[in-house]
Each structure stands twice: as C-alpha cells, then as structure tokens.
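Protein chains: 2
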Amino acid sequence: MKNTRINLVKRPNIKITADIFEIAAEETAELSDGQFLVKQTHMSLDPAMRGWMEPDTTSYIPPVDLGAVMRSSGVGEVAESNNPDYPLGTLVAGMFGWQQYAVCDATSARAMPAGIPAEAILSVLALPGITAYQGLFNVIKPKSGETIAISGAAGSVGSLVGQMAKIEGLRVIGFAGSDEKCAWLKTIGFDEAINYKSENLVELLQAAAPDGIDCYFENTGGAAQHAVFNQMNAFGRIAVCGMIGDYNTDTPSAGPNWVNIIKKRIKIQGFTMPDHQADWGNMAQKMGAYLMKGQIQYRTHVIDGLESAIEGINLLFSGGNNGKLIVKL
Amino acid sequence: MKNTRINLVKRPNIKITADIFEIAAEETAELSDGQFLVKQTHMSLDPAMRGWMEPDTTSYIPPVDLGAVMRSSGVGEVAESNNPDYPLGTLVAGMFGWQQYAVCDATSARAMPAGIPAEAILSVLALPGITAYQGLFNVIKPKSGETIAISGAAGSVGSLVGQMAKIEGLRVIGFAGSDEKCAWLKTIGFDEAINYKSENLVELLQAAAPDGIDCYFENTGGAAQHAVFNQMNAFGRIAVCGMIGDYNTDTPSAGPNWVNIIKKRIKIQGFTMPDHQADWGNMAQKMGAYLMKGQIQYRTHVIDGLESAIEGINLLFSGGNNGKLIVKL
Numbered sequence: 013m014k015n016t017r018i019n020l021v022k023r024p025n026i027k028i029t030a031d032i033f034e035i036a037a038e039e040t041a042e043l044s045d046g047q048f049l050v051k052q053t054h055m056s057l058d059p060a061m062r063g064w065m066e067p068d069t070t071s072y073i074p075p076v077d078l079g080a081v082m083r084s085s086g087v088g089e090v091a092e093s094n095n096p097d098y099p100l101g102t103l104v105a106g107m108f109g110w111q112q113y114a115v116c117d118a119t120s121a122r123a124m125p126a127g128i129p130a131e132a133i134l135s136v137l138a139l140p141g142i143t144a145y146q147g148l149f150n151v152i153k154p155k156s157g158e159t160i161a162i163s164g165a166a167g168s169v170g171s172l173v174g175q176m177a178k179i180e181g182l183r184v185i186g187f188a189g190s191d192e193k194c195a196w197l198k199t200i201g202f203d204e205a206i207n208y209k210s211e212n213l214v215e216l217l218q219a220a221a222p223d224g225i226d227c228y229f230e231n232t233g234g235a236a237q238h239a240v241f242n243q244m245n246a247f248g249r250i251a252v253c254g255m256i257g258d259y260n261t262d263t264p265s266a267g268p269n270w271v272n273i274i275k276k277r278i279k280i281q282g283f284t285m286p287d288h289q290a291d292w293g294n295m296a297q298k299m300g301a302y303l304m305k306g307q308i309q310y311r312t313h314v315i316d317g318l319e320s321a322i323e324g325i326n327l328l329f330s331g332g333n334n335g336k337l338i339v340k341l
Numbered sequence: 013m014k015n016t017r018i019n020l021v022k023r024p025n026i027k028i029t030a031d032i033f034e035i036a037a038e039e040t041a042e043l044s045d046g047q048f049l050v051k052q053t054h055m056s057l058d059p060a061m062r063g064w065m066e067p068d069t070t071s072y073i074p075p076v077d078l079g080a081v082m083r084s085s086g087v088g089e090v091a092e093s094n095n096p097d098y099p100l101g102t103l104v105a106g107m108f109g110w111q112q113y114a115v116c117d118a119t120s121a122r123a124m125p126a127g128i129p130a131e132a133i134l135s136v137l138a139l140p141g142i143t144a145y146q147g148l149f150n151v152i153k154p155k156s157g158e159t160i161a162i163s164g165a166a167g168s169v170g171s172l173v174g175q176m177a178k179i180e181g182l183r184v185i186g187f188a189g190s191d192e193k194c195a196w197l198k199t200i201g202f203d204e205a206i207n208y209k210s211e212n213l214v215e216l217l218q219a220a221a222p223d224g225i226d227c228y229f230e231n232t233g234g235a236a237q238h239a240v241f242n243q244m245n246a247f248g249r250i251a252v253c254g255m256i257g258d259y260n261t262d263t264p265s266a267g268p269n270w271v272n273i274i275k276k277r278i279k280i281q282g283f284t285m286p287d288h289q290a291d292w293g294n295m296a297q298k299m300g301a302y303l304m305k306g307q308i309q310y311r312t313h314v315i316d317g318l319e320s321a322i323e324g325i326n327l328l329f330s331g332g333n334n335g336k337l338i339v340k341l
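One line per chain: the protein sequences are A and B, in this order. In terms of our numbering, the first sequence is residues 13 to 341. In terms of our numbering, the second sequence is residues 13 to 341.
See below:
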C-alpha cells in the first residue's frame, strides 16, 4: 500500500512550526508472521505530544527520534493480516503515529469492541481515559462529599475527571478558558465552572468552593494553580497531570511557596500515562460502562486530513479547540 | 511552689520580639487525684514554635492563645505527686511550656527511661526524633543505594535524618549555612555537605550527587530547594517538613515550576509531627537503640535560664545555633 507519513525532522524552538516536520511517501513493508496492516481512520492530538518532541531524555517517555514518524495514538481497522486473531476489518487502537497505514502486531494494537465510535474510543477510552482514571483514582483517591477543582476542565482529560468525580459524589469545580467552555461544563454536570481569565479568580473560587478544596487535578498551571493552592484544605491531594500553560514558553511560571504544603499536609504527585498501562483493563471496564449508560459526555473537535495535524496541534496550546482534538483521515 | 512562666501576649509581626511576651509569677495549682507536678530542667526551642504563635487557625495545630504560657516541649522530674505511677524523681518529657513547673497527668507527660541525659531526650527522642522518623520512613520511604539531600542538615531534625539514612544505606548530602556546620556533618557520617550560601550551588550539588537525587528532606526552602528540585530523579520523593527560611519574612519565596513534577513523577508531601504521635513507640525503639549503640550523634546549643528563651529562639532563624537549641532551667 502507498503510505503517507509525517516525520519529525527538527526539535521545536518553543512553538511548534511546520518546518520541524517533513511529509514522506513510501510503500508499506511486507507483513511477517503475526503482523497486520492497520489503516488509520482517526488520529488523536494530545498535549503530551509537545513533550515527545523534546530532546530531553530524562522525561518519562523517550523522545521521538529525528527522522521518525511523529508519535500519536489512533484508531483504525485491519486492512491486511497475517494474524488470525486480527481478521480484516477488526477495529483497533494503538500508537500508530502520523501516517495513513501502520504495520502492527498483537503488542502494538489492541482490538476494540465493535460498535463503539472511533471518536468515543479516542475521547474516552484511549489516552484521555487512562490518564483521567489514573490521576483521579490512583493519585487523588476521591471521597464522596469532598470538593475537587480541575484546571483545563474542558479538555479531554479534565472533562472526564470532572464527570467521574461527580459520579463519585464530589462537588466539582472546573476552570476553562472561555465562557462557552464554562457553559458546556455546566451542561455535563460540573457544579461550577470558572473562566480562568477572570480578574477576580480568587473570589470566584471562594464562592464556588465555600468549604475549601480537597482535591486538585492540575492540567494547566498558571493562575488557577495559585488560586486553588491557597484554598486547599488539610490533607489535600493534588494530581499533577499537565502544565499546558508552560509547554510553549521558555520562561516557566513560578510555583507556589511550599509553606502551605506543611501547614495543610498537602500531597502533590506527578504522574504520566505510560507508567500505568497495566490499569487499562480496569479503566476500560469502568469507563465503558459509563459510556454505555450515557453517564459520560464528550465532545470532539475534528479536523480533516493527515496534514491538518501540523497546524492543528497548536489549537491545544492556544485553547482554540472545543473538545477532543481529532484528525480524521 | 512558686512558678515563673512566660506568656504569649501578642502575635509576632514577622520577627519574634521581646514585647510579645510577658513574664508572670504565680503559685502552682493544687494537685488533684492522678496529677503530679513536674519541675522542668530542660526546655526545647524548635522552629515549629514560630507557627504556633500565629493566629492562623487553619494550621496543623491550634495557635497558642494570647495570655497563655508559650508552648514548648521539655524534660523534667516529678517534684510532687498524686499519682503512684509517677513517683517523686521520675524523669518525664512533655509539652510543659515556657515555665519552671507544670501540673501534669498521665496524658500530658511521658516517663523516660532513667539514665538517658535530658539533652539526648530533647535532641533525639522528642520532637526532632519523631519528626525525622516520620518524614524519612513514612513519607520518603528510602531504599538502600539511593541518594538523599537534606536542607537544614545541621539542625536537630536534619542531622537525625541524615544519620538514619546513612544507616539505611543511602548516599547522604546535607546543606547547612556555615562551613563549620558542614565540617560537623562530615564528622557524623554525611557523605557530602554543602554550604547553601555558596555561589556555585548547582555545580556543587551535581558533583556531590553524580547520579541525581532520589529523596529530599526539606527543612528550609530557598536556594537549596531549587537546586535539588532541578536534579531530582524519576520517582523522587520529597518530604516537606519545614520552610525555616520563610517563617520570618512577609514575602515568601516562589516555589519551583511544576513541570518537573510530571516529567519525573515526583511526589511531594507535607507532614507535621502531631499527626503521627502514635508512631512514638516505633520511633523511640529504633532511635533509642541507635543512641545506645553510639550510631547517632547529636550536639546541643544550651542557653541558660527561662528568660533566655525570649531572645534565644531567634537563633533558629538566623542560623546562629550550633546544635539542638535547649534552655537549661
């Protein structure tokens, strides 16, 4: 098959620009025993991809090699097969990268239950789901009656965290970057939603969380971080999942002073998805059930064609996407 | 008995000054059944006392009421008794406050094994010991072969943490505020000691910890915090015990940006001694054994007379004490 792929050829200099990629065409490789060819139909764009472009080898996942296809997760169907467990037409998800076709085996593609839309897989069951599940249940460990604040709440991870926390009986407060996103958060069950660009952020948060904040799911850094940190209750737990506000700057913002960490005995813990792949089964069972029962809403922001990824990924950092950012191939 | 005590009568305005205290004389109260009178011989001065003077009721321990005796831990002996379990002469430790005599019962004074010097009790088995034990074993959970950095390492807590970590098989790096303190740290077994006032702190730390830092016991904040934070290894654990550099300022220093928390999956956890009183037995057993075997060194900085506490407590914040600060009555 003729495959078009997008390779990373330079490291980004703060912002992601078109010149760090090259578009290449090739014939797909011959399949050996056990392999199958996936025709990718939907490709996920996620904030974590910014980190994968960095040369920093001390990060949690190796960088994408220069000259290699850009790493990403996606959904597709089996188009050729040398593996009887993956017959033609099987719906699969995996880290297929920025390309039309990917040669896979059983370790690099996971079969998905037929009948779940590809957009739901990428929005709920893939990276966002495992990330939200891990941070909420394994790091924060929420208790019914507590109050949780979530930054980047209208993002794919944040919106799942909020809805799961609501199901667990928490008071849920979301931060987002536009009034439209805040309005959407209220429609999916958030108790309060605050535009983090508001001038009176501290007062808005005090009004939204009169009993203080027990749990914080951090996706962004910035103004929300400081407002929440100063209103944390004793024995508060903070899961640090993303600092999207800082990924594209060369002057990272200062964090809060640590005195409150002592006074309130706060626990702050960073986590990343690849450490917890083993949890996928638990997550999929829980989230799949929510999805079937209509307890979890999601929305998608779909852009068209492989090459739209190059400009489109920047929507994640400008806040220009309304919903899970997906490239339809 | 005639008792002299020092009451807190004002909240400190940044620095601790003599005018926030009053010296009062009174007759000790009559003992009821089960009570006994402790004649305090040694009184401990600890950084945490600064926090107890604050009106902030959201902190981990209620503030000292205005007009009440200043809170502190100490050692003494039973001078009068209505409790057969605490005969005259029994060596006891407890939160006796800034006074010569304290009326106690079995819940407010703990009998100490005879033969341990009062200074060893206050330096190793009381507040410093339970604090060091809790932070090291319950928060950091050190593993043999790891590298630990400790700020305020020449302080009563820091010096115990370092010596216990060494016994557990870690590489131990201490920060202190004078070359004399650094030299002392080497004599008690620290692998490396760094004066945090050095200009090339980052390079000194890199040389001292060529494999990076796995564990950090934070007592001070400031320059050491930032240098260590940027050299933490993946899955690093940070116990936040004190921020002594910030207690006496009205402009707390900025903390580090949180991006590293994600990349390195760092856990940062604040803790305070009163949450873990129940651990006293385990701690005393472990530390007592170390003490008997000569595996734990301590040094004391003794000042004389009840009223010397008023000026003396500021030694903790200027770094002017060399060893556990104790008032001898």
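We put the beta carbon where it would ideally sit given N, CA and C, even for glycine.
Between B/V173 and B/L148, the alpha-carbon positions lie close to 7 Å from each other. Under the Cβ distance rule, B/G170 does not count among the residues neighbouring chain A, no pair being separated by less than 8 Å. Residues of the stretch 260-273 of chain A with a C-beta less than 7 Å from any C-beta of chain B: P264, S265, A266, G267, P268, N269, W270, V271 and I273, listed in chain order. Linking A/L327 to A/G254 through their CA atoms gives a straight-line distance of about 16 Å.
Between B/L137 and B/M299, the beta carbon gap of about 6 Å places them in contact (Cβ cut-off 8 Å). A/G127 places its beta carbon 8 Å or farther from that of A/G157.
Using a 10 angstroms sphere on the CB of A/S56, the tally of other CB atoms reaches 16 or more, which defines it as buried. Bounds of any alpha helix (DSSP H) do not take in A/C253, whose DSSP letter is neither H nor E.
Beyond the five residues adjoining it in sequence on each side, A/I133 comes within less than 6 Å, by CB distance, of V87, A105 and M124 in the same chain, given in chain order. A/Q52: member of the beta strand (DSSP E) spanning F48 to S56, first to last residue. Not one beta carbon of chain B lies nearer than 8 Å to the beta carbon of A/V136. Cα atoms of A/A239 and A/E211: separation of roughly 12 Å, rounded to the nearest angstrom.
Inside the stretch 90-167 of chain B, DSSP marks whole alpha helix (DSSP H) runs of 4 or more residues at positions 139-145, from first to last along the chain.
Counting only Cβ-Cβ distances below 9 Å, A/Q307 has no contacts in chain B at all, with the closest Cβ about 28 Å away. Secondary structure note for B/T16: its beta strand (DSSP E) is the uninterrupted segment K14 to L20.
Cα atoms of A/K178 and A/A251: separation of roughly 17 Å, rounded to the nearest angstrom. Contacts between A/K279 and chain B, judged by CB atoms closer than 8 Å, involve K279, I280, Q281 and G282 in chain order.
Within the stretch 229-258 of chain A, the residues whose Cβ lies closer than 8 Å to any Cβ of chain B are, in chain order, E230, G233, Q237, A246, V252, C253, G254, M255 and D258. Nearest C-alpha to B/D223 among B/I73, B/E38, B/I322 and B/M244: B/M244. Under DSSP, A/L337 takes part in a beta bridge, and its partners are A/H313. Look at B/D226: its C-beta is not under 8 Å from any C-beta on chain A. Setting aside the 5 residues that flank it on each side, B/M295 is surrounded in the same chain by G141, I142 and Y145, each with a C-beta closer than 7 Å to its C-beta; the list follows chain order. Assignment of alpha helix (DSSP H) within the stretch 217-269 of chain B, counting only whole runs of 4 or more residues, yields 235-241 in chain order.
Annotation: Cβ neighbours of A/D287 in chain B (cutoff 8 Å, chain order): R277. A/M285 is positioned such that its CB atom lies no closer than 8 Å to that of A/L49. With respect to the C-alpha of B/A166, the residue from B/F202, B/K155 and B/V151 having the closest C-alpha is B/F202. Between B/S168 and B/S135, the C-beta gap is smaller than 8 Å, which places the two residues in contact. By the C-beta density criterion, B/K336 is buried, having at least 16 other C-beta atoms within 10 angstroms.
Note on geometry: alpha-carbon atoms of A/Y98 and A/Q52 lie some 15 Å from one another. Each residue's CA atom was taken as its position, placing B/S320 and B/E34 some 13 Å apart.
When DSSP states are grouped into helix, strand and coil, A/G201 belongs to the coil group. About 7 Å separates the CB atoms of B/G170 and B/F229; that is less than 8 Å, so the two are in contact. Annotated as distal: B/N269 and A/S120, with beta-carbon spacing of 8 Å or more.
The beta carbons of A/V115 and A/T40 sit about 6 Å from each other, so the pair counts as a contact at 8 Å.
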